[in-house]
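Visitor: Just so you know, we're using this note's numbering here: the sequence shown kicks off at 707 and counts up by one. Sharing a structure below in structure tokens format, with a few things to ask.
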Amino acid sequence: MEIHTTTNKICYMILPQGIKEDLTAGLGVLSGRYGVSIVVIEDVDWNDDLTPWPAEGVFKKAKPFGGHADGFLNKLTNEIIPETEEHLAIKNAERTILGVSLSGLFAIWSAFNTDAFTNIISISGSLWYDGFTDWMKENTPSAKIKKVCMLLGEKEKNAKDNRMARVEERTLAAANFLKSKSHASVLFELVEGTHFSPIVPRLERAFDVVFGSN
707 MEIHTTTNKI
717 CYMILPQGIK
727 EDLTAGLGVL
737 SGRYGVSIVV
747 IEDVDWNDDL
757 TPWPAEGVFK
767 KAKPFGGHAD
777 GFLNKLTNEI
787 IPETEEHLAI
797 KNAERTILGV
807 SLSGLFAIWS
817 AFNTDAFTNI
827 ISISGSLWYD
837 GFTDWMKENT
847 PSAKIKKVCM
857 LLGEKEKNAK
867 DNRMARVEER
877 TLAAANFLKS
887 KSHASVLFEL
897 VEGTHFSPIV
907 PRLERAFDVV
917 FGSN
């Protein structure tokens, strides 16, 4: 899905399948309000394309995480982004990547692995992921990053799975690492709700943080 404006600002979103259909009208409003083209990236293998290395699944009998983020980032930066911006006639793009849940993890990870993005938005990012905050300690984010917005539901730490229940402490740790390792403006904020629900207020808050005048 593409929503196009006349500015050079473009936000690439990777959204969970279950919420895409419910957001079409809302994304149009955000695009118009902030003057940002929005592209929702399709055909993503959620457990494999968005995870940086293999790990066990989190639910009983769940498929393991494949750890193919490198390959997907290569496709994103070398195929999807150039083709999209040529199609939309966007030059000198100011790019934002927005992810939710596992794609929120991918968005933060991408800040360390490409210079393609100016802004990073992670909504309910899966920063509990095995070894991720330890990995952040040993790596440096792109100097191109200007703003990072990390939003997390205040009830997410109550997850029944022990790994997922660490999400709040690890998201805070990730935000602190980004503050110490970059010159970016980094916001970590607890918001009402559970895992990426409600989503619309979080999208509105993230766009205001990244694209608003504040």
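Beta carbons are placed, not taken as given, at the ideal position from N, Cα and C, and that holds for glycine. Values in this document were obtained by computation on a predicted structure and should not be read as measured data.
1) Pair every Cβ in the stretch 844 to 860 with every Cβ in the stretch 894 to 909, then say whether three or more of these pairs are closer than 8 Å.
2) Would you identify the three-state DSSP class for G899, choosing helix, strand or coil?
3) Which whole runs of the beta strand (DSSP E) in the stretch 800 to 852 are 3 residues long or more, in chain order?
4) Does A881 come out as helix, strand or coil in the three-state DSSP assignment?
5) According to DSSP, is V750 part of a helix, a strand, or is it coil?
6) For K767, does the three-state DSSP call read helix, strand or coil?
7) Looking only at its chain, what residues have a beta carbon closer than 6 Å to the beta carbon of Y740, apart from the 5 residues adjacent to it on each side?
8) Applying the criterion that 16 or more other CB atoms from any shown protein chain within 10 Å of the CB defines a buried residue, is P847 buried or exposed?
9) Leaving out five residues before and five after P722 in sequence, what residues of the same chain have Cβ atoms less than 8 Å from its Cβ?
10) Starting from K781, follow the beta strand (DSSP E) in both directions and report where the run begins and ends.
11) Per DSSP, A912 is paired with what?
Guide: On the basis of the data shown:
1) yes
2) coil
3) 800 to 806, 825 to 829
4) helix
5) coil
6) coil
7) F913, F917
8) buried
9) W752, V806, S807, S809, F902
10) Here K781 belongs to no beta strand (DSSP E); instead the alpha helix (DSSP H) covers 775 to 781.
11) According to DSSP, A912 bridges with nothing at all.
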